[in-house]
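Residue numbers (this note's numbering): 702 to 842.
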Amino acid sequence: MTKQVSIRQYVEFIVPWLISTTIAVIGMYAHLKYPKESVWHALAMALPFAWVDWLFMTIAMDVNSKYQLLSPTQDTMLLIISQYTVLLILNRFYLKQPVTWSDLVAWPIMLFGFVVSGFHLLSKLLGRKVTPKKSKRNRNK
Numbered sequence: 702m703t704k705q706v707s708i709r710q711y712v713e714f715i716v717p718w719l720i721s722t723t724i725a726v727i728g729m730y731a732h733l734k735y736p737k738e739s740v741w742h743a744l745a746m747a748l749p750f751a752w753v754d755w756l757f758m759t760i761a762m763d764v765n766s767k768y769q770l771l772s773p774t775q776d777t778m779l780l781i782i783s784q785y786t787v788l789l790i791l792n793r794f795y796l797k798q799p800v801t802w803s804d805l806v807a808w809p810i811m812l813f814g815f816v817v818s819g820f821h822l823l824s825k826l827l828g829r830k831v832t833p834k835k836s837k838r839n840r841n842k
């Protein structure tokens, strides 16, 4: 039996995920415009971002668990790709840092890895059976 996942469920997941990721990256790098500030001031600037990040990521992960949209590995890969994307945008427009060709080439390579993992392309190519794993939350049910 295959699960039917709707676009609405993916939107319900991806919107809080992207809000969370954007807030997290902004919080990590917002203090870089102030190089002479203390560690405590930088921490005070970053903590509210971390709290908001936690709130939205909790919502996104609850939706993911409810509909089983992504595996834990895919969650991690999506986090890396989305944070990298937001970081490139932040570097270019907020920190006024150059975005190099290497930065841009790395992005589709990461996306390719996500696609290979998500669609089990290598396993299918090698003729291996793909068995869905139960999440830790649902193992005892």
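Backbone N, C-alpha and C define an ideal beta-carbon position, used for all residues, glycine too.
Values in this document were obtained by computation on a predicted structure and should not be read as measured data.
Answer with buried or exposed for Val816, where buried requires no fewer than 16 other C-beta atoms within 10 angstroms of its C-beta.
Exposed: under 16 other Cβ atoms inside 10 Å.
Counting C-beta neighbours from all protein chains within 10 Å, is the total for Trp718 16 or more, i.e. buried, or is it exposed?
Under a 10 Å Cβ-count criterion, Trp718 is classified as buried, with 16 or more other Cβ atoms of the shown protein chains found around its own Cβ.
Taking Cβ positions, are Phe714 and Leu780 nearer each other than 8 Å?
Result no, Cβ atoms of Phe714 and Leu780 do not sit closer than 8 Å.
For Arg709, three-class secondary structure by DSSP:
Arg709 sits in a helix when the DSSP states are folded into three classes.
Can you tell me which of the three DSSP states Phe820 falls into?
In the three-state scheme derived from DSSP, where H, G and I count as helix and E and B as strand, Phe820 is classed as coil.
Take Ala743 as the anchor and find which of Trp752, Ile708 and Tyr730 has the nearest alpha-carbon.
The shortest C-alpha separation from Ala743 is found at Tyr730.
Does DSSP put Tyr785 in a helix, in a strand, or in coil?
Of the three classes helix, strand and coil, the one that applies to Tyr785 here is helix, per DSSP.
For Val712, I'd like the list of residues in its chain whose CB is within less than 7 Å of its CB, leaving aside the five on either flank, ordered along the chain.
Taken in chain order, the list of residues that qualify is empty.
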